[in-house]
Amino acid sequence: MSLGYVISLLYQYVDNVAFLLLAALGLMLILGVVNVINLAHGELIMMGAYITTLAYNRAHIPLALCMVLSILGVGLFGMLLERLVIRRFYDDKLGALVATWGIGLILSQGTLLVFGPSMQAVSLPSWTFSYGGYSFGGYRLLLFVIAIVVAVIAWWTFYYTRLGVRTRATMQNADMARALGVDTRRIYLLTFGAGSALAGLTGALYAPTTTIVPLMGNQFVDVAFITVVIGGGTNPIVGALTSAALLSLIATPLSSTLGTFIGRIGLLIAALIVIRFLPRGISGYFQDIRYRHMARVRS
Amino acid sequence: MARWYTGLWRIFNGPQELGRGRLFWCLFMLVVLGLLTYPAVGSVFALSNLANFCLYVPLGLGLALLWGYNGVLSFGQSAFFAIAGYLYGIIAGNLLEMPGGTLLAAAGGIAASMAIAAAFGYFVFYGQVSNWIIPLLLLVLSLILETFMAQTAGYQWRVGDVLLGGYNGMTNVPSLEIGSLSFGGASIAFYYLVIAVMLITYLGLRLLVNSHYGYVVAGIRDDVERTRMLGYNVARIQIQVFVVAAALAGLSGILYVSWGNYINPSSMGLLAATLPVIWTAVGGRSSLLAVLLSTVTLRSLADTLAVRGGEYAFLIMGILLLVTMLFFPAGIVVTLAVRLSSWKTAHGELKQNRAR
């Protein structure tokens, strides 16, 4: 096993982690705080990709600016969605699941009607370098860096800002938080907006790497759902990071030797086994350990 | 009247389903009679179309049982539909010469759906996961299966004599045959088969949900913990219901393949997965009858709309689903039925008061 091969595996691993993290973090944030699964997440990612592609191809705005437009556009759309629809399903998770599915269907089929079956993609910034016979895309590495930066920003907001304290209070006990003067509705609105903005960012970032079609969200959501199920909504950031790291560890060797399909099946089986033993996901398990530890210290 | 007969009748008219009065059963008989005599007047094309709409009824009723009566939502019913359809095609295509080969294939297809459902159910139901995880993972299962079947084009992907066909689908699947009777898509025999399957499924499930077992199933929906405390093995019952729903989906899948002699990967894709959910939600998941009606109606509506292009049909279905979830969370048919019965009661009381 040459050094080049090891580096290439590492590169694939990092690429997978970035993909899972970007695809799932927004979904997980919404699950953890608002306690709703947004099945239209894939369509929001698709929207982000369309905004970037349209802005770049038609208005000739610099690519980075297009991506900012995607984040803002999809984030605002998410807040609108929360106001109009999601708000009615706070205590009905299955209802939210079905309603957001309807939204997803409307968005994808509406896009198909308005923009047609496919669109010319933005050309990929071609920064490549090679080592030991393997070539690596610089853009992919940039994606990883951005994914980590996003996770760090989320972490910082969660634990080092006033908004974060209020959000965590809402997660822990919404009634109590409300009694102490936290506007939980605003927290829900902002969180849903932030989760949607993350979907917009993901779509914008991956727009140059894939074909732009109305159903492109699918390739993100199937792995995103597995990541969310394994991570659990108890602590969105810890859950997303650990779950993305674990799943990439499974998917990277499987996909590189046996193909993408076996890789995905491996992920599904991993998810089934994990939830058989940790029904609330990895972050739920961590919380249990912490509570047990606290109980032991107290007694 | 014999005793078992009245007992059965009472179960049929139990409280877990809409439509209990004498008027309802008269109407029901009238509709059945109409369906049975329809071949005398309808054209072959109309019969074949109606059979196509009705063959989805077991798929819809299975989800109604699972979601409406047991509280477990599934986005994977179309996957079970397609697994049975594909397996039927593979087995039947290899047993062309054998008498009764298609029946064996049908049994094999349904058994495969049930086995996959049981294996999946073992993990999620014994793990006692939260209720949102199950639909999510089933959706992932459907998406993975679709991507897999879509790339099986080419000669190397074949089982025995049958080509899987990739995105073009599996073609020339033989229709069901019993003895010398062939159930091709455009035959009167197939029409009667579908009507019989539809009625047996409906009445059978009606019996099931109003039996003691059905009460336990509904008890799990209302409160899992309480049912467990009462001493029922919740996970086992949930798996059983899940497997029954998968079997019904598989039954629809086999009828579909027998009708069109064709199946392709999009029948287990994202759009196909939405359809049973839409039928069940729009009709009203708490009533089998409502889901039966909405399944047939929405199938025919989608067929009419599809003439203008599939994206219109799905757009309108999506809008319908969202509107239902926002304004008629119990389902449109169920809401109407409840309004009607409360109006009738109020009306009846008024009459009584006047008489007094």
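Protein chains in written order, with my numbering: chain A, 1 to 299; chain B, 1001 to 1356. Even for Gly, the Cβ is constructed at its ideal location relative to N, Cα and C.
Counting C-beta pairs with one atom in each stretch, the region 276 to 285 of chain A and the region 1127 to 1135 of chain B have three or more that are closer than 8 Å, which means they touch. Sixteen is the threshold: since fewer than 16 other Cβ atoms of the shown chains lie within 10 Å of the Cβ of A:S135, the residue is exposed. Cβ-Cβ separation between A:I275 and A:V229: approximately 6 Å, consistent with a contact (criterion under 8 Å). In this structure, the CA atom of B:V1197 is about 36 Å from the CA atom of A:F225.
With its beta carbon less than 7 Å from one in chain B, A:V98 belongs to the interface.
Residues of the region 97 to 130 of chain A with a C-beta atom less than 7 Å from some C-beta of chain B are L97, V98, A99, W101, G102, I103, L105, I106, Q109, G110, L112 and L113, listed in chain order. A buried status is given to A:P236, since no fewer than 16 other beta-carbon atoms sit within 10 Å of its beta-carbon. Look at the region 201 to 219 of chain A: the residues with a C-beta under 8 Å from a C-beta of chain B are L215 and N218. Assignment of A:R58 by DSSP, reduced to helix, strand and coil, places it in the helix class. Judged by DSSP secondary structure, A:I289 falls within the alpha helix (DSSP H) whose first and last residues are G281 to R298. Apart from the 5 residues on each side of it in sequence, B:L1095 sits with its Cβ closer than 8 Å to the Cβ of G1101, T1102, L1104 and A1105 in its chain, given in chain order. The C-beta distance from B:T1147 to A:F261 rounds to 6 Å, short enough to fall under 8 Å. Taken in chain order, the whole alpha helix (DSSP H) runs of length 4 or more contained in the region 1083 to 1171 of chain B are 1101 to 1126 and 1133 to 1150.
Close CB contacts of A:G104 within its chain, under the 6 Å cut and outside five residues either way in sequence, are with L39, A40 and E43 (chain order). Nearest Cα to A:L124 within the set A:M46, A:M47 and A:T53: A:T53. Think of a sphere of 9 Å around the beta carbon of A:I265: the chain B residues whose beta carbon falls inside it are I1144 and F1148, in chain order. With a cutoff of 7 Å on beta-carbon distance, A:A169 and A:A179 are scored as not near each other. Exposed is the label assigned to B:N1233, since fewer than 16 other Cβ atoms lie within 10 Å of its Cβ. For B:L1293, the enclosing alpha helix (DSSP H) starts and ends at L1288 to A1306.
For A:I212, the three-state secondary structure derived from DSSP is strand. For B:F1328, the secondary structure class from DSSP, reduced to helix, strand or coil, is coil.
Not a single CB atom of chain B sits nearer than 7 Å to the CB of A:P236. The beta-carbon separation of A:L94 and B:L1073, rounded to 5 Å, stays under the 8 Å limit for a contact. Between the alpha carbons of A:A24 and A:L249 lies a distance of about 16 Å.
Residue-level contact by beta carbon holds for B:F1314 and chain A, with a gap shorter than 7 Å. In the three-state DSSP reduction, A:Y131 falls in the strand class (E or B). The bridge partners DSSP lists for A:F136 are A:F129. In summary, B:A1306 is exposed, with fewer than 16 beta-carbon neighbours lying within 10 Å of its beta-carbon over all protein chains present.
Take the alpha-carbon of B:G1309 and the one of B:P1329: they are about 29 Å apart. Closest in C-alpha terms to A:R186, from the list A:G26, A:L258, A:G164 and A:F129, comes A:G164. Around the beta carbon of B:I1134, a 10 Å sphere encloses 16 or more other beta carbons of the protein chains shown; the residue is thus reported as buried.
Taking B:L1181 as the centre and dropping the five residues before and after it, the same chain places the C-beta of A1189 closer than 8 Å to its C-beta, in chain order. Using a Cβ-Cβ distance cut-off of 8 Å, the region 1111 to 1118 of chain B and the region 1046 to 1064 of chain B are not in contact, since fewer than three pairs of beta carbons, one from each stretch, lie closer than that value. Around the C-beta of B:P1276, 16 or more other C-beta atoms lie within 10 Å, and the residue is accordingly described as buried.
With fewer than 16 other Cβ atoms inside 10 Å of its own Cβ, B:Q1156 counts as exposed. Considering only B:E1097, B:A1273 and B:G1283, the residue with the shortest C-alpha distance to B:L1137 is B:A1273.
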